[in-house]
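Take 6 as the starting number for the sequence shown in the numbering used here and just add one per residue. From the three backbone atoms N, C-alpha and C, an ideal C-beta is built for every residue, glycine too.
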Amino acid sequence: MKPRHVAIIMDGNGRWAHHRGLPRVEGHRKGAESVRDVVRAARQVGLECLTLYAFSSQNWQRPPDEVATLMQLLADYLTEDRGEIMENGIRLCAIGAIDRLPSLVREPLDALIRDSAMNRQMTLCLALSYGGRESIVEAARAAIRAGVPERRLDEAALARFLPTHDLPPLDLLIRTSGEQRISNFLLWESAYAELYFTDALWPDFRRGDLYAALEVFSGRERRFGMTSDQLRVQTDR
């Protein structure tokens, strides 16, 4: 069993650098190499969607020089990997408060989202200036603005206003660095996702680590509130 949609909390860049006596920004630069390898591997194994937690709403509180470096690395990725993304049929999308991003990121991001919109091999979703709670609140506000009556505002109705409404359901959420929490990431979407935690720091996480997570996922039993017997009956039909 292969997941359709995998999301990754890319954690551990700072610790990777600290362990080597390097500035934190060097960890972010090394982490960018992991992004490239994992995106390539995800497409090659046939994932429909890969979502990467690239920058959270809370990350704006980090030191200004670190934020500036992260923004430059994002801009570099969007510029330098544009050709590969287009050639491999990857559709790029982004979730989060995109309007908060500086123009050096927002301009190539908007251009690549537009130009890759018809690509169908895989969707790469970047969570930028993103927060799960904030996303749910904004969805509720959007539903109110759209005039959805209270009696009709159920889970399905609210889900249509989430920024992930056009993505496959989240199957597998991976977090690197040994931390075992989801840190305000895809809170609604991860309700029934399988969780996978690895001690590997993000700069050390490469395609082999992704394959290991997919292997573990293949052995999980996803019951969605049902019993194992009920699942077997459904499978046998």
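| Can the beta-carbon of Y135 be found less than 8 Å from the beta-carbon of G88? | Position 130 of the sequence shown, counted from the start, is the residue given in the question as residue 135. Position 83 of the sequence shown, counted from the start, is the residue given in the question as residue 88. Cβ atoms of Y135 and G88: not closer than 8 Å.
| request: Reducing DSSP to helix, strand and coil, say where A122 ends up. | output: Within the sequence shown, residue 122 is the residue found at index 117, counting from 1. The answer is coil: DSSP assigns A122 none of H, G, I, E or B.
| task | Could you work out which residue in T203, S182, R212 and L178 is closest to A196 when comparing CA atoms only? | result | Taking the first residue of the sequence shown as 1, we reach residue 196 at position 191. Taking only the C-alpha atoms, the option nearest A196 is L178.
| query | Quick check: the segment 145-159 against the segment 123-135, are there 3 or more CB pairs under 8 Å? | reply | no
| task | For E53, name the three-state secondary structure that DSSP assigns. | result | Against the sequence shown, residue 53 aligns to sequence position 48. Of the three classes helix, strand and coil, the one that applies to E53 here is coil, per DSSP.
| query | Out of curiosity, what's the CA-to-CA distance linking A217 and L55? | reply | Taking the sequence shown and counting its residues from 1, one reaches residue 217 at position 212. Taking the sequence shown and counting its residues from 1, one reaches residue 55 at position 50. Each residue's Cα considered, the two are about 16 Å apart.
| Start and end of the alpha helix (DSSP H) containing H24? | Translated into the one-based positions of the sequence shown, residue 24 becomes position 19. Note, H24: alpha helix (DSSP H), N18 to H24.
| task | On the DSSP bridge assignment, give the partners of H10 in chain order. | result | Residue mapping note: residue 10 aligns to position 5 of the sequence shown, counting from 1. BP columns for H10 point to C54.
| request: Mark D214 as exposed unless 16 or more other C-beta atoms lie within 10 angstroms of its C-beta, in which case mark it buried. | output: Counting from one through the sequence shown, the residue named residue 214 turns up at place 209. With 16 or more Cβ atoms within 10 Å of its Cβ, D214 is classed as buried.
| Of the residues I118, P107, L109 and L79, the one placed nearest C98, counting alpha carbons only | As a position in the sequence shown, residue 98 is number 93, starting the count at 1. Minimum Cα distance to C98 is reached at I118.
| Cβ pair E71, V30 closer than 8 Å | Against the sequence shown, residue 71 aligns to sequence position 66. Against the sequence shown, residue 30 aligns to sequence position 25. Closer than 8 Å, so yes.
| task | Given a cut-off of 8 Å, decide if E199 and R225 are closer than it, judged by their beta-carbon atoms. | result | Position 220 of the sequence shown holds residue 225. Position 194 of the sequence shown holds residue 199. Yes.
| query | When you compare each of S182, A148 and P107 to F166 by their alpha carbons, which one comes out closest? | reply | Residue 166 sits at position 161 when you count from the first residue of the sequence shown. Cα-wise, what sits closest to F166 is A148.
| How far does the alpha helix (DSSP H) with E89 in it reach, from first residue to last? | Within the sequence shown, numbered from 1, the residue matching residue 89 stands at position 84. Element bounds for E89: R87 to E92.
| task | Could you tell me the distance, in whole angstroms, from the CA atom of D120 to the CA atom of M127? | result | By 1-based counting over the sequence shown, the position of residue 120 is 115. By 1-based counting over the sequence shown, the position of residue 127 is 122. Straight-line Cα distance between these residues: approximately 14 Å.
| said: Taking the alpha carbon of G94 as the reference point, which residue from D171, L129 and R186 has its own alpha carbon closest? | reply: The residue you call residue 94 lines up with position 89 of the sequence shown. Answer by Cα proximity: L129.
| request: Can you tell me the Cβ-Cβ gap for D16 and E184, rounded? I've got them flagged as a contact below 8 Å. | output: Counted from its first residue, the sequence shown places residue 16 at position 11. Counted from its first residue, the sequence shown places residue 184 at position 179. So it is a contact: roughly 6 Å between Cβ atoms.
| query | Between W21 and the rest of its own chain, which residues show a CB-CB distance below 6 Å, the 5 nearest in sequence each way excluded? | reply | Taking the sequence shown and counting its residues from 1, the one referred to as residue 21 is at position 16. If we look at W21 and ignore the five residues flanking it on each side, its Cβ neighbours are G32, L206 and P208.
| query | Using the beta-carbon count (16 or more within 10 Å), is P8 buried or exposed? | reply | Here residue 8 refers to the residue found at position 3 when the sequence shown is read from its first residue. The residue in question, P8, is buried, as its Cβ has 16 or more Cβ neighbours within 10 Å.
| At which residues does the alpha helix (DSSP H) containing E160 begin and terminate? | Translated into the one-based positions of the sequence shown, residue 160 becomes position 155. From DSSP, the alpha helix (DSSP H) with E160 extends over E160 to A164.
| said: Counting only C-beta atoms, is T74 closer than 8 Å to chain B at any point? | reply: In the structure shown, chain B does not exist; there is a single protein chain.
| request: Would you list the one or two residues that DSSP bridges to M127? | output: One-based indexing of the sequence shown puts residue 127 at position 122. Paired residues: I95.
| At what residues does the alpha helix (DSSP H) containing F222 begin and finish? | Looking up residue 222 in the sequence shown gives position 217. Looking at the DSSP string, the run of the alpha helix (DSSP H) that includes F222 is R212 to S223.
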